[in-house]
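Residue numbering for the sequence shown is -15 to -1, 1 to 248, as defined by mature numbering (1 follows the signal peptide of the UniProt record, and there is no 0). Glycine included, each C-beta is placed from N, C-alpha and C at the ideal position. None of the values given here were measured: they were computed from a predicted structure. To start, the structure itself, in structure tokens.
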Amino acid sequence: MRVIIFLALLGTALAVPKSISRIVGGSPTTVQEYPYMSNMQYGFWGIWWFQACGGSLLTTTSVLSAAHCYFGDSASEWRVRLGTSFASSGGSEHTVSQLVLHQQYNPNTLDHDIAIVRLANPAVYSNSVQPASVAGSAYNLPDNTLVTTIGWGTTSSGGSAPEQLQHVDINIINQQLCAERYAYLKTQPGYQNWPDITDNMLCAGILNVGGKDACQGDSGGPLAHNKNVIVGVVSWGFQCADAFYPGVNARVSKYTQWISQNA
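Structure representation (structure tokens):
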């Protein structure tokens, strides 16, 4: 799930739900187009498993994802499905040996929202299972660059969740403008405790139009440039596909060394 932060009607506490997934305004695609796409499944009592977050395969034993997906959880509560276009079938299943959350991850500010999920049984590469490339420390994209976010889930708020993988093209949003818009939100009654946009974050969407975005359940999934280079990890935002407030991702270029050390 992407973190969707909302205010309790009579309080100031922030709610961070683990919920259904959603790509808004997208279209069906296949894992062969994005063979690094990882289906991160949360399990109740090791019996009932459901797609809860996304990830990007980096090596045969490591997946890049978002820290907020796994905060407070044990490795045994998660498994990874690779090599399938479908949310609940196909591909190969992998148990998780370790959840490595960034040591500076803060669940209140959502800064450093990045994690490595280590697999107990290695992936086998094929035309539907391949590693992604990670943006280097100097890999900075100009404003309005076209990027793609990928995931499983409902195609509209309150709609049903399709089984097939979805993708949608959106744009990199100017960092200062994104920060200013979320700063404005914090001036509104009841929203003072929302996160700030930091240099470790990357904003993307369709500015002043909306209608296309990642959302709950797509957390941890890739924001990809040129299909294969992971520049962002889906993190949080105000509602989904909002015209005024872009979606927010962890900026991968800020974590190149950390990823290399932990993958």
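Asked, Found
"Find the nearest neighbour of tryptophan 179 within the set Tyr27, Ser73, Asn93 and Asp227, judged by alpha-carbon distance.", "Asn93"
"If we call anything under 8 Å between Cβ atoms a contact, is alanine 189 one with leucine 170?", "no"
"Answer with buried or exposed for leucine -6, where buried requires no fewer than 16 other C-beta atoms within 10 angstroms of its C-beta.", "Model confidence at leucine -6 stands at a pLDDT of 23, short of 50, so the residue's coordinates are unreliable; what they give is reported in the following sentence. Answer is exposed; the Cβ neighbour count stays below 16."
"Taking C-alpha atoms, which residue in Asp181, Asn129 and Ala100 lies nearest to serine 245?", "Ala100"
"Whole angstroms is fine: what's the gap from cysteine 225's alpha carbon to isoleucine 191's?", "11 Å"
"Okay, do the segment 113 to 122 and the segment 12 to 29 touch, 3+ Cβ pairs below 8 Å being the bar?", "yes"
"Histidine 79 bridges to which residues according to DSSP?", "Val65"
"The beta strand (DSSP E) with threonine 241 in it runs from where to where?", "Run containing threonine 241: none in the beta strand (DSSP E); it sits in the alpha helix (DSSP H), 241 to 247."
"Let me confirm a value: alanine 52 is counted as buried when at least 16 other C-beta atoms fall within 10 Å, else exposed. Which label applies?", "buried"
"Is it buried or exposed, tryptophan 221, if we count other Cβ atoms within 10 angstroms and call 16 or more buried?", "buried"
"To the nearest angstrom, how far is the alpha carbon of alanine 164 from that of tyrosine 90?", "19 Å"
"Are there 16 or more other CB atoms within 10 angstroms of the CB of leucine 67, so buried, or fewer, so exposed?", "buried"
"Tell me where the alpha helix (DSSP H) around alanine 168 begins and ends.", "160 to 170"
"With C-beta atoms as the reference, is glutamine 201 less than 8 Å away from isoleucine 8?", "no"
"How is histidine 152 classed by DSSP in three states: helix, strand or coil?", "strand"
"So, with DSSP's three-state summary, where would you put alanine 72?", "coil"
"On the criterion of 16 or more Cβ atoms from any shown chain inside 10 Å, does threonine 80 qualify as buried, or is it exposed?", "exposed"
"Hey, how far is the Cα of tyrosine 55 from the Cα of threonine 172?", "30 Å"
"On the CB-based measure, 16 or more other CB atoms within 10 Å of its CB, does alanine 235 come out buried or exposed?", "buried"
"With a threshold of 8 Å on Cβ separation, who are the neighbours of valine 109 within its own chain once the five nearest residues in sequence on each side are excluded?", "Thr45 and Ser77"
"Kindly indicate the opening and closing residues of the alpha helix (DSSP H) around alanine 52.", "52 to 55"
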